[in-house]
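K.L.:
What follows is a single structure, and I will ask about it in a moment.
If you want it as structure tokens, here you go:
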């Protein structure tokens with residue numbers, strides 16, 4: 087399912103036209119595109135990219151690299167869910183069993199990778215996993231509110247066994263991650279995400295430490 091740029095609130099037509107002219111027909115096509123490449127386009131500003139990135143994150147996607155924020159202090163994150171979500175947010179928790187989802191993946195390789203990550207996240211957090219949208223598995227409950235007043239419920243940390251990359255959420259910017267990331271192994275990063283080709287590329291004990299560190303540092307009410 088694709089999302090047209092005019093569905094991304096707070097973005098203007100010059101931004102939409104610039105992205106389409108550069109070969110990006112919809113929001114999803116921007117996943118893993120370097121933000122520096124987009125920022126260099128005529129008609130693309132920092133505030134527009136910030137809102138594009140927020141919409142991508144709500145779908146479990148991300149631009150590549152660090153996205154400068156124009157908001158002092160960034161989004162406010164609190165514990166728990168409030169049920170207050172921006173009307174255009176399409177990604178919500180579902181009743182799908184994460185185990186069944188992983189067992190239904192299209193290749194034995196993806197199934198095995200999904201099993202490994204599910205076991206590690208389950209063991210370290212001690213939390214019951216929840217499916218978010220069609221492909222994300224989340225742990226914990228948080229609510230965010232941006233400087234624009236946009237807000238929504240989300241998960242504290244989690245992962246997605248995507249076809250192209252295994253995506254880890256909520257670990258990159260947690261306390262202690264700066265020290266642990268160099269020990270992790272082979273990975274790439276996006277804004278708020280860590281991408282892996284396969285679990286064999288990383289030290290799974292370091293991953294477990296990162297999960298534990300992020301889980302201990304959940305936001306307060």
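Residue numbers (our numbering): 87 to 307. Even glycine gets a Cβ: it sits at the ideal position worked out from N, Cα and C. The structure displayed is predicted, hence computed values, not measured ones.
1) Is DSSP giving residue 371 helix, strand or coil here?
2) Can residue 230 and residue 244 be called in contact, C-beta distance under 8 Å?
3) With a 10 Å radius around its C-beta and 16 neighbouring C-beta atoms as the bar for buried, classify residue 254 as buried or exposed.
4) Is the distance from the Cβ of residue 112 to the Cβ of residue 276 below 8 Å?
5) In three-state terms, what does DSSP make of residue 92?
6) Can you tell me which of 97, 164 and 115 puts its alpha carbon nearest to the alpha carbon of residue 136?
7) Short of 7 Å in beta carbon distance, which residues of its chain neighbour residue 274, apart from the five on each side in sequence? Order them along the chain.
8) Residue 224 bridges to which residues according to DSSP?
9) Go ahead and pull the three-state DSSP assignment for residue 273.
10) Check the C-beta distance from residue 172 over to residue 133 and give it rounded, since I have them as a contact under 8 Å.
11) Going by C-alpha distance, which of 127, 142, 220 and 211 is nearest residue 188?
12) Skipping 5 residues on each side, what residues in its chain have a beta carbon closer than 7 Å to that of residue 295?
13) By how many angstroms is the C-alpha of residue 278 removed from the C-alpha of residue 123?
14) Taking the C-alpha atoms as reference points, what is the distance between residue 181 and residue 125?
15) Does the distance from the C-beta atom of residue 121 to that of residue 149 stay below 8 Å?
16) Give, in chain order, every unbroken run of the beta strand (DSSP E) that is at least 3 residues long and sits entirely within the region 127-194.
17) How about residue 257 and residue 292: are their beta carbons less than 8 Å apart?
P.N.:
According to the data block:
1) This structure cannot speak to residue 371, because the chain is shown only from 87 to 307.
2) With contacts defined as CB atoms closer than 8 Å, residue 230 and residue 244 fail to qualify as a contacting pair.
3) Answer is buried; the Cβ neighbour count reaches 16.
4) Their beta carbons are not under 8 Å apart, which means residue 112 does not touch residue 276 by this criterion.
5) Helix, per DSSP.
6) For the residues 97, 164 and 115, the minimum Cα distance to residue 136 belongs to 97.
7) For residue 274, where only same-chain residues beyond five positions count, the Cβ hits under 7 Å are 281.
8) Answer by DSSP bridge pairing, in chain order: 216 and 244.
9) In the three-state DSSP reduction, residue 273 falls in the coil class, being neither helix nor strand.
10) Wrong, their Cβ atoms sit about 17 Å apart, outside the cutoff.
11) Of the candidates 127, 142, 220 and 211, the one whose C-alpha sits nearest the C-alpha of residue 188 is 220.
12) Contacts found: 266.
13) Cα-Cα distance, rounded: 18 Å.
14) Those two C-alpha atoms are separated by around 38 Å.
15) Their beta carbons are under 8 Å apart, which means residue 121 touches residue 149 by this criterion.
16) DSSP runs (the beta strand (DSSP E)) wholly in the region 127-194: 162-165.
17) The answer is no: Cβ separation not under 8 Å.
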